[in-house]
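*Asks:* Residue numbers (the numbering used here), protein chains in the order written: chain S, 65 to 317; chain E, 65 to 317.
Where a beta carbon is used, it is the ideal one built from N, C-alpha and C, also for glycine.
Please read these numbers as outputs of a predicted model, since none were measured by experiment.
What follows is a single structure, and I will ask about it in a moment.
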């Protein structure tokens with residue numbers, strides 16, 4: 065029931081996107097996160113301390129291992145491993161583009177930082193956004209750092225990889241929002257209940273092919289507006305401020 | 065002019081808070097960040113490629129070294145080192161608590177993640193917040209990950225470490241804001257132009273001693289409000305949504 069060398073090697077290999085894609089799995093660690101994911105994703109492998117198993121008598125997985133804290137530390141990708149580590153199967157979703165016509169969605173154009181992606185998934189969940197469409201070059205949602213940063217929101221928010229110009233171009237008459245330095249004041253723009261908000265790459269913003277499809281250019285006002293400030297906000301921060309304003313307008317209308 | 069073993073060891077030692085504190089310095093990397101910090105902080109040591117020096121003929125430091133890209137890679141704490149690395153002196157600020165009566169400030173109660181702190185400094189700069197007061201157990205602002213995440217905003221936002229109960233307790237009649245799950249809807253609360261916004265630890269929120277001093281309890285509404293969502297937002301995300309709403313209210317009042 066302990067942790068074999070091969071298993072240890074397998075767990076560590078899940079840091080690589082190539083292996084995760086081949087195996088169609090992802091890694092999650094820590095009791096809160098693993099609890100949140102159970103029931104949403106099929107668990108292939110579960111390694112936990114005796115105490116964790118005592119507290120979770122019904123936990124099921126294709127393969128389970130009771131391990132010592134020391135073994136867990138060797139397996140873990142975290143700085144401070146905690147009680148449980150699980151390998152889940154990646155879900156398979158069909159893309160239904162009409163969802164964009166009925167509700168508010170996010171599109172991410174080449175976001176590179178795994179922590180940013182995870183944080184965006186977490187805030188999307190908070191603001192009731194159920195679908196995130198990522199360009200193919202966006203960082204992998206199953207990167208362990210992304211999964212940890214979602215804090216469990218990955219169980220509720222569906223993330224799709226697809227060509228953004230193809231997806232958005234296929235839809236007629238939907239509001240497509242993006243943030244730009246020359247955009248309109250976010251607070252003065254009437255924001256809709258359905259549509260898609262595009263957020264761009266950390267360094268380069270929204271790419272030219274996607275920018276063409278934006279029909280509502282927004283700007284998050286800095287304060288005071290005449291003061292020289294940093295040139296931009298972190299992309300997850302900008303996403304949050306925009307999503308919060310969409311929801312504020314709907315609920316206070 | 066190249067990089068000695070001792071210098072390499074010194075640079076790497078700046079990952080440790082203890083050494084940074086003894087030496088009263090911090091490390092910054094990359095052309096944009098280093099450019100932003102020059103003129104704001106005294107530069108003790110500068111290692112850069114020949115190309116960087118060509119583009120910066122007036123760059124001054126107590127000690128300079130022209131290095132190869134390979135040497136820079138060995139010195140760097142980043143995954144993809146870029147052209148220049150600099151060691152700056154930590155600034156010394158006097159705390160003027162009356163600033164809280166005149167403008168909007170932030171207080172951070174035991175924020176632990178260096179990236180979160182850097183992101184908060186960056187967004188504070190965007191929203192015109194010039195002072196951040198950190199509890200003594202908040203992560204060190206001169207952690208290299210924090211400095212990188214500020215994207216240069218550390219040149220404009222002053223960060224102070226002090227007992228938050230002592231600081232806030234010393235002030236009379238100032239609005240003290242904090243976010244709580246049982247707080248009032250952020251959008252329905254009239255927000256002031258001056259005062260202090262307290263943000264709590266990633267896992268535990270605002271500590272009991274500081275919570276007592278909060279006289280305006282806020283809540284960032286999730287959407288739709290009856291839906292089960294993640295239990296919380298990342299602290300930098302919550303800070304952004306709160307600060308944005310303070311500034312929205314002032315500018316649209």
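Establish whether the CB of residue 301/E and some CB of chain S are separated by less than 7 angstroms.
*Replies:* By this cut-off, residue 301/E is an interface position.
*Asks:* On the DSSP letters alone, give me the boundaries of the beta strand (DSSP E) that residue 242/S sits inside.
*Replies:* Element bounds for residue 242/S: 240–249.
*Asks:* Report the residue ranges of all alpha helix (DSSP H) runs contained in full by the region 165–214 of chain S; include only those spanning at least 4 residues, in chain order.
*Replies:* Runs found: 178–190, 208–214.
*Asks:* Would you check if the distance between the CB atom of residue 214/S and the CB atom of residue 182/S is smaller than 7 angstroms?
*Replies:* Yes, they are a contact pair.
*Asks:* Under 7 angstroms, Cβ to Cβ, is there at least one residue of chain E near residue 304/S?
*Replies:* Closer than 7 angstroms to some Cβ of chain E, the Cβ of residue 304/S qualifies, so yes.
*Asks:* Given that residue 287/S touches chain E, what residues does it touch there, using C-beta distances under 8 angstroms?
*Replies:* In chain order: 190, 191, 192, 311, 314, 315.
*Asks:* Under a three-way DSSP split, which group does residue 157/E fall into?
*Replies:* Coil, per DSSP.
*Asks:* Return the chain-ordered list of same chain residues with a C-beta closer than 7 angstroms to the C-beta of residue 139/S, the five sequence neighbours on each side being excluded.
*Replies:* Around residue 139/S: 67, 72, 75, 111, 149.
*Asks:* Any idea what DSSP makes of residue 216/E, helix, strand or coil?
*Replies:* Three-state DSSP puts residue 216/E in coil, outside helix and strand.
*Asks:* Enumerate in chain order the residues of its own chain whose CB-to-CB distance from residue 264/E is below 6 angstroms, with the five nearest sequence positions on each side excluded.
*Replies:* 173, 270.
*Asks:* Using 8 angstroms as the cut-off, can you tell me whether the region 298–305 of chain S makes contact with the region 182–197 of chain S, which would need three or more C-beta pairs spanning the two stretches below that distance?
*Replies:* Flag = yes, the region 298–305 of chain S and the region 182–197 of chain S touch.
*Asks:* Report yes or no: do three or more beta-carbon pairs, one from the region 143–157 of chain S and one from the region 235–243 of chain S, lie closer than 8 angstroms?
*Replies:* These segments do not touch.
*Asks:* Mind pulling the chain S residues with CB within less than 7 angstroms of residue 183/E?
*Replies:* Under the 7 angstroms cutoff, chain S gives 298, 301.
*Asks:* Select from 236/E, 251/E, 177/E, 155/E the residue whose C-alpha is nearest the C-alpha of residue 164/E.
*Replies:* Nearest option by C-alpha distance: 236/E.
*Asks:* Could you tell me whether the Cβ of residue 92/S comes closer than 7 angstroms to any Cβ of chain E?
*Replies:* No, its Cβ sits nowhere closer than 7 angstroms to a Cβ of chain E.
*Asks:* With a threshold of 7 angstroms between beta carbons, is residue 187/S in contact with chain E?
*Replies:* Chain E contact via Cβ: present.
*Asks:* Within the same chain, show all residues whose beta-carbon is closer than 6 angstroms to that of residue 195/S, passing over the 5 residues directly before and after it, in chain order.
*Replies:* Excluding sequence neighbours, residue 195/S sits near 163, 169, 222.
*Asks:* Does the Cβ of residue 211/E have 16 or more other Cβ atoms within 10 Å, making it buried, or fewer, making it exposed?
*Replies:* Residue 211/E should be labelled buried.
*Asks:* Run down chain S in chain order and give the residues with a C-beta less than 7 angstroms from the C-beta of residue 179/E.
*Replies:* Correct list: 179.
*Asks:* Going by alpha carbons, who is nearest to residue 142/E out of 253/E, 91/E, 229/E?
*Replies:* Among 253/E, 91/E, 229/E, the Cα nearest to that of residue 142/E belongs to 91/E.
*Asks:* I'd like the list of long-range same chain contacts for residue 284/E, defined as Cβ closer than 8 angstroms, with 5 residues on each side in sequence excluded.
*Replies:* Cβ neighbours of residue 284/E beyond the five flanking positions: 243, 250, 297, 302, 305, 306.
*Asks:* Applying a beta-carbon distance threshold of less than 8 angstroms, which residues of chain S neighbour residue 308/E?
*Replies:* Ordered by position in chain S, the residues that pass the 8 angstroms Cβ test against residue 308/E are 284, 305, 308, 309.
*Asks:* Answer yes or no: does any C-beta atom of chain E fall closer than 7 angstroms to that of residue 241/S?
*Replies:* It does not: the Cβ of residue 241/S has no partner Cβ on chain E nearer than 7 angstroms.
*Asks:* Which of the three DSSP states, helix, strand or coil, is assigned to residue 224/E?
*Replies:* Strand, per DSSP.
*Asks:* For the alpha helix (DSSP H) that residue 117/S lies in, which residues bound it at each end?
*Replies:* That run of the alpha helix (DSSP H) goes 114–119.
*Asks:* Interface residues of chain S around residue 251/E at Cβ under 8 angstroms?
*Replies:* Going along chain S in sequence order, the residues near residue 251/E (Cβ under 8 angstroms) are 312, 315, 316.
*Asks:* Is there at least one Cβ from chain A nearer than 7 angstroms to residue 250/S's Cβ?
*Replies:* No chain A appears in the structure shown, which is made up of the protein chains S and E.
*Asks:* What is the residue span of the beta strand (DSSP E) that residue 90/E lies within?
*Replies:* 89–93 is the span of the beta strand (DSSP E), which, as asked, contains residue 90/E.
*Asks:* When you compare the CB positions of residue 282/E and residue 233/E, do they come within less than 7 angstroms of one another, or not?
*Replies:* In this structure, residue 233/E does not lie closer than 7 angstroms to residue 282/E by Cβ.
*Asks:* Within a Cβ cutoff of 6 angstroms, which residues of the same chain sit near residue 123/E, ignoring the five residues on either side of it in sequence?
*Replies:* So the list is empty, once near-sequence residues are dropped.
*Asks:* Closest to residue 256/S by C-alpha separation, out of 273/S, 155/S, 308/S, would be which residue?
*Replies:* If we check each option's Cα against that of residue 256/S, 308/S comes out closest.
*Asks:* For the beta strand (DSSP E) containing residue 104/S, name the first residue and the last one.
*Replies:* No beta strand (DSSP E) contains residue 104/S, which DSSP labels as neither H nor E.
*Asks:* Are the CB atoms of residue 89/E and residue 151/E nearer to each other than 7 angstroms?
*Replies:* Contact: yes.
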